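Printed below as a string of structure tokens:
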């Protein structure tokens, strides 16, 4: 594509995104005020599906439980590209003072909980709805097919069901037609409003759930020698686990984190219990390091427990893999974003220890995931409330840049992208 046509496409999409900015913000506020938990996103899905149908998309619903897939076949022959947005909210009580703050409640693992879009998925849905409208208006000029994926359950339903990405893949979201690339974004408070950040290779970490059960022998708290203390043993295990990353893993290979986040044991102050249960998370950016850490955790916990006369059972529940940005696609995509927006707005980021089930989609076909900053210009991103905070808030003028980025990537990929 020559410079003139690149500039013309960029300007057209920029003008179109500005024209529908108010609609995108209104959609975001409506979804924000009516959040839905993982696999409960019926209202959000219906809103997206209704919008796509009105624009002339071929729409499938209930893909991966509550997911929606919209297909737009362009007026010219070409390949297939997919764009994805996740829809679910979190069991968090909102503390942001805005007129459209969430007051919603829902059932979560047998409890009634407050619900909030504390991670910005309301923005993702609104952005992709905006993209859908821009692409529909350019249908005759699109050389190929665009598939829009509105995905449930990115956060995890915690009830044994697979992630939304896996469920949608199982239900055929990445087939008929099969894309040759998939793009997605995530808003973040860690970057200034309107800035786009990405990197080739590992962008976000794998995330595995760790459970360690330590079995001792109950006794009176005044006579610990007459039993086996699982509390002290657990404390020794927790401290030793921290040396796996700091002393046993080569930090030049990839970043890694092992955190014990919960510990439960005992019923009163003067009884040493029979057992203690701990849970935590394992984050890595390399599959070899990931497997090595699993082995080291098991050896560390069981050996320490054995030395104390106790027993430790280690269980690792495999979670999402590394969110891996295909290097050649990302090199191309970074240049495309700079063409479609501007060079100063696109930057490279360091690896992030958070996780994303977009990683499953990027295992089916080459993928590229990027962050969109939503912290207001007057705030320090390092001090702004993080995603998942009850105080997480969004500078809404940033949303149009997400609309522009995904719209431009889709068309530019079909016109000149990596195959």
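Residue numbers (my numbering): 933 to 1351. Yeah, the Cβ is synthetic: ideal placement off N, Cα and C, and Gly gets one too. Bear in mind that the values here come from a model prediction, so they are computed numbers and not experimental data.
Short Cβ contact (8 Å threshold) for residue i with residue j
i, j, result
"residue 889", "residue 967", "Within the shown structure, residues of the chain are numbered from 933 to 1351, placing residue 889 beyond reach of any answer."
"residue 1114", "residue 1278", "no"
"residue 1045", "residue 1023", "yes"
"residue 1059", "residue 1067", "no"
"residue 1286", "residue 1090", "no"
"residue 1071", "residue 1145", "no"
"residue 1228", "residue 1176", "yes"
"residue 1126", "residue 1330", "yes"
"residue 999", "residue 1080", "no"
"residue 1332", "residue 950", "yes"
"residue 1138", "residue 1216", "yes"
"residue 1133", "residue 1256", "yes"
"residue 1280", "residue 1118", "no"
"residue 1050", "residue 1322", "yes"
"residue 1130", "residue 1275", "no"
"residue 964", "residue 1064", "no"
"residue 942", "residue 1340", "yes"
"residue 1140", "residue 992", "no"
"residue 1181", "residue 1188", "yes"
"residue 1085", "residue 1099", "yes"
"residue 1225", "residue 1254", "no"
Residues bridged to residue i (per DSSP)
i, result
"residue 1211", "1143, 1194"
"residue 1152", "1203"
"residue 937", "Per DSSP, none; premise fails for residue 937."
"residue 1138", "1216"
"residue 1062", "Looking at the DSSP assignment, residue 1062 forms no beta bridge with any residue, so it has no partner."
"residue 1173", "None; residue 1173 has no bridge partner."
"residue 1337", "Answer is none; residue 1337 lacks a bridge partner."
"residue 1133", "1257"
"residue 1164", "Looking at the DSSP assignment, residue 1164 forms no beta bridge with any residue, so it has no partner."
"residue 1279", "1129"
"residue 1188", "1216"
"residue 956", "Answer is none; residue 956 lacks a bridge partner."
"residue 1284", "1136"
Close Cβ partners of residue i (< 6 Å) along its chain, the five nearest in sequence each way excluded
i, result
"residue 910", "The chain is shown only over 933 to 1351; residue 910 falls outside these bounds and no answer can be derived."
"residue 1247", "1143"
"residue 1116", "1016, 1290, 1301"
"residue 1025", "1046, 1322"
"residue 1103", "995, 996"
"residue 1344", "1268"
"residue 1295", "none"
"residue 1109", "1012, 1077"
"residue 959", "1058, 1061"
"residue 1008", "1075"
Contact set for residue i: own chain, Cβ-Cβ below 8 Å, skip 5 residues either direction
i, result
"residue 1204", "1148, 1150, 1151, 1152, 1153, 1156, 1159, 1161, 1162, 1163, 1198"
"residue 1318", "1121, 1122, 1324"
"residue 1208", "1145, 1146, 1148, 1162, 1163, 1165, 1166, 1195, 1196, 1197, 1198"
"residue 1351", "Reliability of the predicted coordinates at residue 1351 is poor, the pLDDT of 46 falling under 50, and the value obtained from them is presented with this limitation in mind. Answer for residue 1351: 1011, 1112, listed in chain order."
heavy atom of the ligand ADP below 7 Å from residue i C-beta
i, result
"residue 1184", "Of ligands this structure carries none, so the ligand ADP is not represented either."
Integer Cβ distance of residue i from residue j, believed to fall under 8 Å
i, j, result
"residue 1348", "residue 945", "Not confirmed; about 15 Å, so no contact."
"residue 1057", "residue 976", "6 Å"
"residue 1013", "residue 1112", "7 Å"
"residue 1308", "residue 1327", "4 Å"
"residue 1292", "residue 1128", "In fact, because the Cβ distance is near 23 Å, the residues do not count as touching under 8 Å."
"residue 1124", "residue 1313", "6 Å"
"residue 1306", "residue 1095", "In fact, because the Cβ distance is near 24 Å, the residues do not count as touching under 8 Å."
"residue 948", "residue 1069", "7 Å"
"residue 973", "residue 1019", "4 Å"
"residue 1258", "residue 1299", "6 Å"
"residue 1304", "residue 1334", "5 Å"
Sequence-distant residues of its chain with Cβ nearer than 7 Å to residue i (five each side left out)
i, result
"residue 1242", "1146, 1147, 1148, 1160, 1162, 1165"
"residue 1005", "1077"
"residue 980", "1000, 1057, 1061, 1082"
"residue 1193", "1211, 1212, 1213"
"residue 1221", "1181, 1185, 1186, 1188"
Please go through the region 1218–1277 and give each complete beta strand (DSSP E) segment of 3 or more residues, from N-terminal end onward.
1243–1249, 1255–1257
Taking the runs of the alpha helix (DSSP H) that are 4 residues or longer, which of them lie wholly in the region 1067–1128?
1096–1102
Taking only runs that begin and end inside the region 986–1010, name each unbroken beta strand (DSSP E) of 3 or more residues, in chain order.
990–995, 999–1005
Counting only runs of 3+ residues fully inside the region 1287–1332, write out the beta strand (DSSP E) ranges in chain order.
1299–1307
Tell me the start and end of each unbroken beta strand (DSSP E) in the region 1013–1055 that is at least 3 residues and wholly inside, in chain order.
1037–1040, 1043–1046
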